[in-house]
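**Q**
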Amino acid sequence: MTTIATARGAVRPKAQNRVLAVTRLQFVNRWTMFYLPAIILGAILLLNMAIWYIVLASLPTGTDVAHAEKGFQYTGAVFYIFIYMLVVAVQAISRTFPFALGFGVTRRNYYLGTALSFTILAIAFSVLLTVLSIIELATNGWGAGGHMFTPTYLTNASWGLRFVMYLCLFLFFLFVGSAIASVYVRWRAIGITAFFAILALLIVGGIAIITLGHYWTAVGTWLATTGSVGLTAWLLLPAAIAAIAGFFVLRRATPKS
Amino acid sequence: MDESRPIFLQIAEAIENDILAGVLLEETQVPSTNEFAAFYRINPATAGKGVNLLVDDGILYKKRGIGMFVAAGSRARLVAKRRDQFEAEYVQPLITEAEKLGITGPQLEDMINRNRAKQSAHPDKEQAV
Amino acid sequence: MTTVVEATGLTKKYGKFAAVDDASFRIEENRIYGLLGRNGAGKTTIMSLLTAQVFASSGSIRVFGQSPVENAEVLGNICFIKESQTYPEDFRPRHVFASAPWFFPNWDQDFADRLVADFRVPMNRRIKKLSRGQLSAVGVIVGLASRAPLTFFDEPYLGLDAVARQTFYDRLLEDFAEHPRTVILSTHLIDEVSNLLEHVIVIDDGRIIIDEESEDLRGSATIVAGAKSAVDGFVAGRDVIHREAIGGLVTATVSHLDEAGRSAARAAGLETSPVSLQQLIVRSTNLSESEEGQKS
Chain B
1 MTTIATARGA VRPKAQNRVL AVTRLQFVNR WTMFYLPAII LGAILLLNMA
51 IWYIVLASLP TGTDVAHAEK GFQYTGAVFY IFIYMLVVAV QAISRTFPFA
101 LGFGVTRRNY YLGTALSFTI LAIAFSVLLT VLSIIELATN GWGAGGHMFT
151 PTYLTNASWG LRFVMYLCLF LFFLFVGSAI ASVYVRWRAI GITAFFAILA
201 LLIVGGIAII TLGHYWTAVG TWLATTGSVG LTAWLLLPAA IAAIAGFFVL
251 RRATPKS
Chain P
1001 MDESRPIFLQ IAEAIENDIL AGVLLEETQV PSTNEFAAFY RINPATAGKG
1051 VNLLVDDGIL YKKRGIGMFV AAGSRARLVA KRRDQFEAEY VQPLITEAEK
1101 LGITGPQLED MINRNRAKQS AHPDKEQAV
Chain C
2001 MTTVVEATGL TKKYGKFAAV DDASFRIEEN RIYGLLGRNG AGKTTIMSLL
2051 TAQVFASSGS IRVFGQSPVE NAEVLGNICF IKESQTYPED FRPRHVFASA
2101 PWFFPNWDQD FADRLVADFR VPMNRRIKKL SRGQLSAVGV IVGLASRAPL
2151 TFFDEPYLGL DAVARQTFYD RLLEDFAEHP RTVILSTHLI DEVSNLLEHV
2201 IVIDDGRIII DEESEDLRGS ATIVAGAKSA VDGFVAGRDV IHREAIGGLV
2251 TATVSHLDEA GRSAARAAGL ETSPVSLQQL IVRSTNLSES EEGQKS
């Protein structure tokens, strides 16, 4: 039997290179991974700014501007970008998995390389959001008292903490996205349906248990004491679970044409 | 390229034909296996098999580091071989067909003589033997 | 000759349907193999199994002496070009050729560039917008320029026109002569590639029915035709691959009929004619069908 050592022209590609090759592959299309989400982020910001200016301009003279601005603190606009990250993750995996397999990549190396690319993406966007949040505070809410990147529940604490919170949120959505993508790649539409059905059951079940057991006050207290930073840190746990589960699901997936 | 006969045999025959026709002279180099393969658009291993057949038959020999050469005396040997094959390949089918058509022995002889005369009057350029 | 692939009792079932059924074969180093058979016979499944893209139901596979499943060392030395390869949306050919070297250590960029010119691939057009021929060309170029020690081509030239196909065969032979490697081509365009193949494996309904040197197969069968009684009398006791009848005339394809046998056939008043590789394979695979037809 010809072993790899003796086969003419055969090489032993280093393990590290193979994982990094997948990471590079994910970034070949910088539009889908980076530019497009950044543009969407910019668009949402501009949209929100337009809304703030319109609201402020429509206030009858003499009204307390500060009071109106207080309402801006509750915008959830920034969450669009996190949800979009989930979509990016699903697209990245479902589009590149069959292609990577065709290039002789093991599922393990594919997953590791992709996870690395998502981590890089999470850090990059966390930096972006942190910078934008600093600018936001410095310009007093973009000159309109807006708080897109610093709404109340994302604590106006130090930018360091904000960076950490963004990072946890991005990692959570990206890895939940990769778990969903893995389910899709392995079991296609049936898998996705089953996945969301089970998820819905778990959520409803959880709510039922909490309601019936009168645990809502306990939940409320826990939320209050943990605080925003703590909550986002807790998200790392389901993120890790999703990452690991996604790997095990992908391990037996095949590229269905 | 005949679809239904092994290619390596056809390659060997093609080289033999070239030797017989004087296109490939004795003690000159023949194209390499890869060159044959590229020319006939066949697998190099198949071309190699055809060449090796001729080496085994003593028609070609290998000069180390240079290539394949036509052996001395190969043309004479090929002529002898083809003469042996001539009977089976040409004469026997001729007779079988002639019998089917009811052509008698004397009529056959006449035909042969007539055609020989025609050809020597207008010599076929390919006649090398 | 050293073996690069060894499959033993390889089986792949989808429910009750066996796409590959107890296949055992060996692939030897640095030769061009043909994996032939009808559409749906199992060619793609076998290749997918050997490249660990699909998991076997039973049986064993050894590639370069190891199991290829999730084996980066083995897979890094394999290139599998599929007809149905999907590319990431928004990818353009230049993305494919730019990323290929990261995965194929033997990638030859100069060769790839020459092939892009040969096949006239538009480097900047979106993959989705490429014609079928251009898409096939992209796959073929990756397969050739990868110089992987074990390369599979699964009918990737279906979209190519006859001129482009000839270009592919020519480049393959040229490059194979200079950089020998193990190549496995699957196709149903048998006559076109028969000159390239050294060894032929024919698969029908998931089973391997022929596994021989192509030179041994060429001319190994003879068509014998004539009156029904004469033909049937002659072929009694011989290996008949295929039989067709129209009125009182019968055409039988007989395997391994030597010169003496052919003379005997002609003496019996029958017509003999040679059988090309394609005809041989078509008739061998049709046998399973006609046998089934006779049973029902």
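Residue numbers (our numbering), protein chains in the order written: chain B, 1 to 257; chain P, 1001 to 1129; chain C, 2001 to 2296. The C-beta atom is built at its ideal place from N, Cα and C for all residues, glycine as well. Note that the structure is a prediction, hence the values are computed from the model and not measured.
List, in order along the chain, the chain B residues whose C-beta lies closer than 9 Å to that of histidine 2188/C?
**A** Within 9 Å Cβ-Cβ: nothing; histidine 2188/C doesn't reach chain B, min ~18 Å.
**Q** Measure the beta-carbon distance from valine 2194/C to glutamine 2279/C and round it to whole angstroms, keeping in mind my assumption that it falls under 8 Å.
**A** For the record, residue 2194/C in the displayed sequence is serine; it is not valine. Their Cβ separation, rounded to whole angstroms, is 11 Å, which puts serine 2194/C and glutamine 2279/C out of contact at 8 Å.
**Q** Listed in chain order, which residues of the region 1002-1021 of chain P have Cβ atoms closer than 7 Å to some Cβ of chain C?
**A** So the close ones are Glu1003, Ser1004, Arg1005, Pro1006, Ile1007 and Phe1008.
**Q** Tell me, which residues are paired with cysteine 2079/C by DSSP?
**A** Thr2151/C
**Q** Give the range of the alpha helix (DSSP H) segment to which threonine 32/B is assigned.
**A** Per DSSP, threonine 32/B belongs to no alpha helix (DSSP H) and is neither H nor E.
**Q** Mind listing the chain C neighbours of isoleucine 1042/P? Cutoff is C-beta to C-beta under 9 Å, in chain order.
**A** Leu2173, Asn2195 and Leu2196
**Q** Please indicate yes or no: does the CB of isoleucine 2078/C lie closer than 7 Å to some heavy atom of the ligand MG?
**A** Judged by which ligands are present, the structure shown has none, so any question about the ligand MG falls away.
**Q** Under the rule that 16 or more other beta-carbon atoms within 10 Å means buried, what is phenylalanine 248/B, buried or exposed?
**A** exposed
**Q** Identify whether tyrosine 2014/C lies in helix, strand or coil by the three-state DSSP scheme.
**A** strand
**Q** Are the Cβ atoms of lysine 2043/C and serine 2186/C separated by less than 8 Å?
**A** Going by C-beta atoms, lysine 2043/C is nearer than 8 Å to serine 2186/C.
**Q** Can you give me the Cβ contacts of glutamate 2212/C inside the same chain, cut-off strictly under 8 Å, excluding the 5 residues immediately before and after it?
**A** Cβ neighbours of glutamate 2212/C beyond the five flanking positions: His2199 and Val2200.
**Q** Verify whether the separation of the beta carbon atoms of valine 22/B and tyrosine 110/B is less than 8 Å.
**A** yes
**Q** Applying the criterion that 16 or more other CB atoms from any shown protein chain within 10 Å of the CB defines a buried residue, is glutamate 2029/C buried or exposed?
**A** buried
**Q** Would you call the region 2145-2164 of chain C and the region 2073-2091 of chain C touching, i.e. three or more CB-CB distances under 8 Å?
**A** yes
**Q** Taking the DSSP output, what are the residues bridged to leucine 1060/P?
**A** Val1070/P
**Q** Given a cut-off of 8 Å on the beta-carbon distance, is the pair proline 1006/P and glutamate 2215/C in contact?
**A** yes
**Q** Which residues in chain P have a C-beta closer than 9 Å to the C-beta of leucine 2277/C? List them in chain order.
**A** Glu1003 and Ser1004
**Q** Would you kindly report the start and end of the unbroken alpha helix (DSSP H) that includes glycine 160/B?
**A** Per DSSP, glycine 160/B belongs to the alpha helix (DSSP H) from 159-212.
**Q** In angstroms, rounded to a whole number, what distance separates the CA positions of proline 1106/P and alanine 1098/P?
**A** So the two alpha carbons sit approximately 11 Å from each other.
**Q** Quick check on serine 2229/C: does DSSP put it in helix, strand or coil?
**A** helix
**Q** Give me the DSSP bridge partner(s) of valine 2240/C.
**A** Val2254/C
**Q** Does the region 80-91 of chain B come within contact of the region 2058-2070 of chain C, defined as at least 3 CB pairs closer than 8 Å?
**A** no
**Q** Going by DSSP in three states, histidine 2179/C sits in which element: helix, strand or coil?
**A** The three-state secondary structure of histidine 2179/C, taken from DSSP, is coil.
**Q** Return no unless some Cβ of chain P is closer than 8 Å to the Cβ of arginine 2218/C.
**A** yes
**Q** Quick check on glutamate 2291/C: buried or exposed, where buried means 16 or more other Cβ atoms within 10 Å of its Cβ?
**A** With a pLDDT of 44 at glutamate 2291/C, under the threshold of 50, the modelled position of this residue cannot be trusted, and the question is left open.
**Q** Restricting to Cα atoms, I'd like to know which of Leu236/B, Leu59/B, Ala122/B and Gly206/B is closest to alanine 38/B.
**A** Ala122/B
**Q** For the region 2091-2109 of chain C, list every residue whose C-beta sits within 8 Å of some C-beta in chain B, in sequence order.
**A** Phe2091, His2095, Ala2098, Ser2099, Ala2100, Trp2102, Phe2103, Phe2104, Pro2105 and Asn2106
**Q** Taking Cβ positions, are lysine 2082/C and aspartate 2161/C nearer each other than 8 Å?
**A** no
**Q** Does the separation of the CB atoms of alanine 1070/P and leucine 1020/P fall below 8 Å?
**A** The sequence as given places valine at residue 1070/P; alanine does not occur at that position. No, they are not a contact pair.
**Q** Can the beta-carbon of glycine 2034/C be found less than 8 Å from the beta-carbon of leucine 2197/C?
**A** yes
**Q** Check whether the region 235-249 of chain B and the region 169-186 of chain B touch, using three or more Cβ-Cβ pairs below 8 Å as the test.
**A** yes
**Q** On a Cα-Cα basis, can you pick out the residue from Thr2167/C, Gly2219/C and Leu2049/C that is closest to leucine 2144/C?
**A** Thr2167/C
**Q** Distance cutoff 8 Å, beta carbons only. Does valine 2138/C sit that close to anything in chain B?
**A** no
**Q** Could you tell me whether the Cβ of lysine 2129/C comes closer than 8 Å to any Cβ of chain B?
**A** no
**Q** Under 8 Å between the Cβ atoms of threonine 2272/C and arginine 2262/C?
**A** yes
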